[in-house]
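Enquirer: Using the UniProt record's numbering, you'd call the opening residue of the first sequence number 1 and step up by one each time. Where is the CB? At the ideal position from N, CA and C, for every residue including glycine.
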Amino acid sequence: MGRQPCCEKEGLKRGPWTIEEDHKLMNFILNNGIQCWRLVPKLAGLRRCGKSCRLRWINYLRPDLKRGALTEAEEDMIIELHSRLGNRWSKIASHFPGRTDNEIKNYWNTRIKKKLRLLGLDPVTHKPVDETENSAAENEEIYQHIISKEKETDYQTEGAAKSGFNEMKNISIFDVPKENSEMGSILSKTTDESSVNFSAIIDGHDQFEDPFQNWIASPLQWDVFSNLEENFP
DNA sequence: AATCTACCCAACCGCCCAACT
DNA sequence: GAGTTGGGCGGTTGGGTAGAT
Numbered sequence: 001m002g003r004q005p006c007c008e009k010e011g012l013k014r015g016p017w018t019i020e021e022d023h024k025l026m027n028f029i030l031n032n033g034i035q036c037w038r039l040v041p042k043l044a045g046l047r048r049c050g051k052s053c054r055l056r057w058i059n060y061l062r063p064d065l066k067r068g069a070l071t072e073a074e075e076d077m078i079i080e081l082h083s084r085l086g087n088r089w090s091k092i093a094s095h096f097p098g099r100t101d102n103e104i105k106n107y108w109n110t111r112i113k114k115k116l117r118l119l120g121l122d123p124v125t126h127k128p129v130d131e132t133e134n135s136a137a138e139n140e141e142i143y144q145h146i147i148s149k150e151k152e153t154d155y156q157t158e159g160a161a162k163s164g165f166n167e168m169k170n171i172s173i174f175d176v177p178k179e180n181s182e183m184g185s186i187l188s189k190t191t192d193e194s195s196v197n198f199s200a201i202i203d204g205h206d207q208f209e210d211p212f213q214n215w216i217a218s219p220l221q222w223d224v225f226s227n228l229e230e231n232f233p
């Protein structure tokens with residue numbers, strides 16, 4: 001008898017999460033906490049696998065997530081930790097509050113690995129490999145090229161974020177840049193009701209009747225999450 | 001303008017392990 | 001001790017995007 005699947009696959013939705021789904025999950029967890037991931041989709045009214053909900057929460061919805069590109073210092077630390085811990089991404093991620101193992105793993109696979117190879121280092125052992133294809137000077141030249149390209153990219157990304165627009169198709173409630181929280185938008189929480197009730201006030205007046213629509217549409221006052229336990233006992 | 005290619009990253013899959021029965 | 005279950009982890013994939021041709 002083989003292992004049973006973690007959940008019924010039939011009738012389950014897969015693929016990218018919608019804003020509505022994000023909302024349902026976020027709202028459920030903030031109101032109820034996490035006891036059993038298997039039950040979360042059922043109780044939250046989602047047609048998703050419990051594992052999928054967990055992943056979405058951990059990698060994307062968690063309020064304490066740190067967003068934006070990894071810094072050079074973080075990158076150096078990842079390399080150092082990887083040389084000691086290997087591909088134990090969750091262990092590595094535990095040294096970076098607000099970063100996820102998935103994020104670090106992706107960063108490693110798409111960038112650091114490449115850089116190490118170009119520098120003539122084996123990404124697995126971190127030791128020099130035979131420089132049969134490129135000389136050290138050539139490697140250095142390519143590496144500098146990558147660095148300059150990355151700086152260009154970072155600058156562009158930062159500029160786009162500051163403009164207040166996010167053209168990503170899969171935009172989420174958390175894609176709004178933090179800087180915009182200063183634009184007169186307030187996310188307030190009404191605690192004198194049985195359930196948590198968010199109401200966003202944009203430029204002094206309500207724009208939507210549905211508080212969740214407000215939540216989606218308005219830039220967040222991020223500080224509300226800094227004392228989460230106080231807000232959601 | 002259209003097509004191709006490389007890259008990025010969110011999401012999924014399957015395995016492992018600890019806790020429980 | 002064996003079987004079951006749920007959570008966690010690492011590897012992989014597929015879709016979207018940007019840049020090159």
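Could you tell me which of Ile92, Ile19 and Arg99 sits nearest to Lys66, measuring between CA atoms?
Expert: As a working note, residue 66 is residue 66 in the first sequence. Of the listed residues, the one whose Cα sits closest to Lys66 is Arg99.
Enquirer: Just to confirm my understanding: we take Ser90, look at its own chain, exclude 5 residues before and 5 after, and list those with CB closer than 8 Å. What are they?
Expert: The sequence position of residue 90 within the first sequence is 90, counting from 1. If we look at Ser90 and ignore the five residues flanking it on each side, its Cβ neighbours are Asp101.
Enquirer: What three-state label does DSSP hand Pro128 in the structure shown?
Expert: Mapped onto the first sequence, residue 128 falls at position 128. DSSP places Pro128 in strand when its eight states are reduced to three.
Enquirer: Would you call the stretch 64 to 79 and the stretch 25 to 36 in contact, with 3 or more CB pairs under 8 Å?
Expert: No contact exists between the stretch 64 to 79 and the stretch 25 to 36.
Enquirer: Cα-Cα, which of Leu46, Glu80 and Gly68 is closest to His23?
Expert: Counting from one through the first sequence, the residue named residue 23 turns up at place 23. Comparing Cα-Cα distances from His23 to each of Leu46, Glu80 and Gly68, the minimum goes to Leu46.
Enquirer: Suppose you measure from the CA of Leu43 to the CA of Leu118; what does that come to, to the nearest Å?
Expert: Along the first sequence, one-based indexing puts residue 43 at 43. Along the first sequence, one-based indexing puts residue 118 at 118. When rounded, the distance between both Cα atoms is 50 Å.
Enquirer: According to DSSP, is Leu43 part of a helix, a strand, or is it coil?
Expert: Mapped onto the first sequence, residue 43 falls at position 43. Residue state, collapsed to three classes: helix.
Enquirer: Can you look up Leu121 in the DSSP assignment and give me helix, strand or coil?
Expert: Position 121 of the first sequence, counted from the first residue, corresponds to residue 121. Correct three-state label for Leu121: strand.
Enquirer: What do you reckon, are the CB atoms on Trp17 and Arg56 nearer than 7 Å?
Expert: Translated into the one-based positions of the first sequence, residue 17 becomes position 17. Translated into the one-based positions of the first sequence, residue 56 becomes position 56. Yes; because the gap between Cβ atoms is below 7 Å, this pair is in contact.
Enquirer: Rounding to the nearest angstrom, what Cα-Cα distance links Leu25 and Asp64 in this structure?
Expert: Position 25 of the first sequence, counted from the first residue, corresponds to residue 25. Position 64 of the first sequence, counted from the first residue, corresponds to residue 64. Taking the straight line from one Cα to the other gives about 16 Å.
Enquirer: Can you say whether Ile58 is buried or exposed, counting buried as having 16 or more other CB atoms within 10 angstroms of its CB?
Expert: Working through the first sequence from its first residue, we reach residue 58 at position 58. Under this definition Ile58 is an exposed residue.
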